[in-house]
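Only one structure is covered here, and it is reproduced in the block below.
In UniProt numbering, the protein residues as written are 1 to 89.
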């Protein structure tokens, strides 16, 4: 059972990687063609990739709101971006 799940996850990752590679290609011909990747009835690669990109966007926006040293410098609340606890890491 576990080997089937590993195979399924590898299949999904491969499809998602291929779709992303085609959509974000530097070649204008490849970029303009809408890729049509066949998947099953329950799982759609375009929906999975769009959902993952949306989650990444939310994570990045939340990180920009946290009062980290880099953000405090960006907001003008602090002058030095290094961490006082770990000496700059």
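Glycine included, C-beta positions come from ideal geometry on N, C-alpha and C.
Since this is a predicted model, take the numbers as computed values, not measurements.
- Contact between residue 37 and residue 8 is ruled out by a C-beta separation of about 16 angstroms, above the 8 angstroms threshold.
- Of 68, 34, 74 and 46, the smallest CA-CA separation from residue 85 is found for 68.
- Annotated three-state conformation of residue 83 is coil, per DSSP.
- With respect to the 8 angstroms criterion, residue 16 and residue 62 are not classified as neighbours on the basis of their beta carbons.
- Here the C-alpha atom of residue 79 lies approximately 6 angstroms from the C-alpha atom of residue 73.
- Cβ contact annotation for residue 39 (same chain, cutoff 8 angstroms, sequence separation greater than five): 15 and 45, in chain order.
- Excluding five sequence positions before and after residue 6, none of the CB atoms of its chain fall closer than 6 angstroms to its own CB.
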